[in-house]
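As structure tokens, the structure follows; a few thoughts come after it.
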Amino acid sequence: MSHPTAFAPLANRAFLALWIANLLSNTGGWMAGTGAAWEMTSLTPEPIFVALLAAASMLPMFLFCFPAGVLAGRLGRRLYIIVCQFWMMGVAATLAVLAFTGLLDHWTLLGLSFCMGLGNAMNAPAWHAVVPEIVTGPMLRPAIALNSAGFNLARTVGPVIGQLLLGLVGVFLLFAINAATYIGVILAMSSWTRSAEARASQRRERFAEAARSGIAFVRNSSELKAVFARGLCFFAPGIAISTLLPVIGRFELGLDEFAFGILYGVFGVGAVSAAMLMPLINRLLGPDRANIWAMGVHAVATLVAALAMTPYVVGACVALSGACWITVIANNGASVQMILPNFMRARGMAVHQMVFFGSMVAGSLLWGKIATLLGTQAALILSAASLVPFTVLAAWIRLPRSTLPRS
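Numbers 1 to 407, taken from the working numbering, label the letters of the sequence shown in order.
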């Protein structure tokens with residue numbers, strides 16, 4: 001049986017339209033996100049506030065993702081996603097107005113970052129549930145990798161463009177551009193029509209009943225629990241270098257706005273490169289061993305960055321980190337998608353997102369506090385050291401080899 005290429009899902013017009021719209025939206029999001037991180041380091045030099053900014057955007061994913069998954073399983077996914085896009089557009093526009101008028105302070109920035117995270121939390125389960133409706137079978141894994149690649153391609157170009165515009169105009173423009181990019185996703189979703197089979201497979205349970213059945217499904221699935229455990233072993237200890245990147249770039253390396261954007265962007269370069277090579281990597285190693293290798297390489301990259309702390313070495317390590325990050329995310333996400341039946345997909349993906357973002361929130365706050373108490377270098381060294389036993393533990397927990405079940 002021939003394996004689909006990395007770009008094969010783009011032949012599907014509906015997937016292509018959503019992929020391009022999401023790429024533009026994510027580019028605007030990374031422009032705004034990098035600008036917000038730079039703005040926070042301008043408002044306060046304390047690493048804990050940079051960590052709080054990261055946590056504020058991720059915490060809603062942990063708190064609200066499961067209720068959002070239940071709603072996405074009950075409501076029409078197209079309209080639901082469009083409403084979420086309008087919410088995030090409104091938050092981005094509010095940030096732009098406050099930044100333009102000079103009323104944006106660090107607490108307001110944290111609060112609106114939480115509101116943006118809330119929009120992402122409500123949107124994510126429905127968005128992840130839509131992808132397997134558009135592309136199915138052997139196309140699903142490369143489609144998920146392409147989505148991750150698009151996200152990280154945006155992470156590559158968004159920070160660079162954003163920081164260039166920030167230096168020339170100001171942070172308000174980045175927030176305004178981000179608000180405008182949601183229009184593309186709204187238009188793409190408006191033009192997509194769900195299949196009759198997908199609509200028929202969606203069960204109209206009451207909210208409490210849907211929540212109970214979703215929890216019961218996850219609790220009784222040893223395969224899902226294995227994927228979640230593998231994720232916990234990596235994301236909480238491994239998030240340090242990403243969380244502390246604004247502190248590293250501005251205070252440890254002394255970068256200007258443009259160089260800071262490039263440092264953010266090289267993470268995306270590594271991630272996109274790994275996503276393009278994902279079919280080959282998984283063919284050679286298998287998703288299970290590929291993830292273990294990624295965890296080990298990420299630990300080494302974090303340690304080298306901590307010990308060297310020069311722009312070129314840190315940049316190379318951040319690129320390696322991006323490659324490792326996308327490998328684990330894409331393989332874990334594909335495993336979850338292949339386990340879940342269509343009627344349970346939004347709720348199951350919501351739990352997956354809860355574990356993912358919950359572990360990153362805990363890790364971000366932990367490493368931010370350690371960096372405040374002991375210094376950024378010490379936090380990175382401890383992060384690398386903690387990944388070693390967790391990688392060994394993850395090697396004992398094998399990823400499931402399930403095929404996509406029937407709805």
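The beta-carbon is built from N, C-alpha and C at its ideal position, and this holds for glycine as well. As the structure is a computational prediction, the values presented were derived from the model and not from experiment.
One thing to note: proline 341 has its Cβ no nearer than 8 Å to the Cβ of valine 50. Leaving aside the five residues that flank leucine 285 on each side, the residues in its chain whose CB is nearer than 8 Å to its CB run, in chain order, Trp293.
Its chain contains Leu24, Ser25 and Gly28 as the residues whose beta carbon lies nearer than 6 Å to that of threonine 181, once the 5 sequence neighbours on both sides are disregarded; these appear in chain order.
Straight-line spacing of the CA atoms in tyrosine 264 and glutamine 377 works out to 18 Å. Cα atoms of valine 269 and proline 159: separation of roughly 12 Å, rounded to the nearest angstrom. Valine 355 sits buried, since 16 or more C-beta atoms from the chains shown fall within 10 Å of its C-beta.
Shown here, methionine 309 sits in coil according to DSSP, grouped into three states, outside any helix or strand.
The residues Ala299, Thr302 and Leu303, in chain order, have a CB closer than 6 Å to that of alanine 384 in the same chain once the five nearest residues on each side in sequence are set aside. In the displayed model, arginine 13 falls within a helix according to three-state DSSP. Burial state of proline 132 is buried, judged by a 10 Å Cβ sphere holding 16 or more other Cβ atoms. Annotation for threonine 376: the continuous alpha helix (DSSP H) segment containing it runs 376 to 395. DSSP places tryptophan 192 outside both helix and strand once states are collapsed to three, so it counts as coil. Within the region 230 to 303, the runs of alpha helix (DSSP H) at least 4 residues long that lie entirely inside it are, in chain order, 240 to 243. Cysteine 115 places its beta carbon 8 Å or farther from that of alanine 350. Only residues of its own chain outside the window of five on either side were considered, and among them Phe49, Val50, Leu53, His106, Leu109 and Pro246 have a CB closer than 8 Å to the CB of methionine 40, listed in chain order. In the structure shown, the three-state DSSP call for alanine 6 is coil. The C-beta of arginine 212 has fewer than 16 other C-beta atoms within 10 Å across all chains shown, which makes the residue exposed. Here DSSP, grouped into helix, strand and coil, assigns glutamate 39 to helix. With a 10 Å radius around the Cβ and a threshold of 16 neighbouring Cβ atoms, glutamate 252 comes out buried.
In the three-state reduction of the DSSP assignment, arginine 206 falls in the coil class, being assigned neither a helical nor a strand state. Its chain contains Leu224, Gly348 and Val351 as the residues whose beta carbon lies nearer than 7 Å to that of valine 218, once the 5 sequence neighbours on both sides are disregarded; these appear in chain order.
By the 16-neighbour rule on beta-carbons within 10 angstroms, threonine 327 is buried. DSSP places arginine 141 inside the alpha helix (DSSP H), whose first and last residues are 140 to 168. Three or more beta-carbon pairs separated by less than 8 Å are not found between the region 323 to 338 and the region 6 to 14, which leaves the two stretches without contact.
Take cysteine 324, set aside five residues on each side of it, and the residues of its chain with a beta-carbon closer than 6 Å to its own are Ala294, Val297 and His298, in chain order. By the Cβ criterion, the region 56 to 65 is not in contact with the region 184 to 191, since fewer than three pairs of Cβ atoms, one from each stretch, lie closer than 8 Å. C-alpha of glycine 167 to C-alpha of methionine 88: approximately 25 Å in a straight line. Excluding five sequence positions before and after leucine 165, the CB atoms of its chain that fall closer than 7 Å to its own CB belong to Leu173 and Leu174, given in chain order. Within 10 angstroms of the beta-carbon of glutamate 257 lie 16 or more other beta-carbons, which makes it buried. Counting only the Cα atoms, isoleucine 239 lies some 26 Å from leucine 95.
In the three-state reduction of the DSSP assignment, glycine 111 falls in the helix class.
No residue range can be given for glycine 102, since it is assigned to no alpha helix (DSSP H) and is classified by DSSP as neither H nor E. Comparing alpha-carbon positions, the option among Ala305, Ala274, Leu307 and Ala306 lying closest to asparagine 291 turns out to be Ala274.
Secondary structure at glutamate 46: coil, using DSSP grouped into helix, strand and coil.
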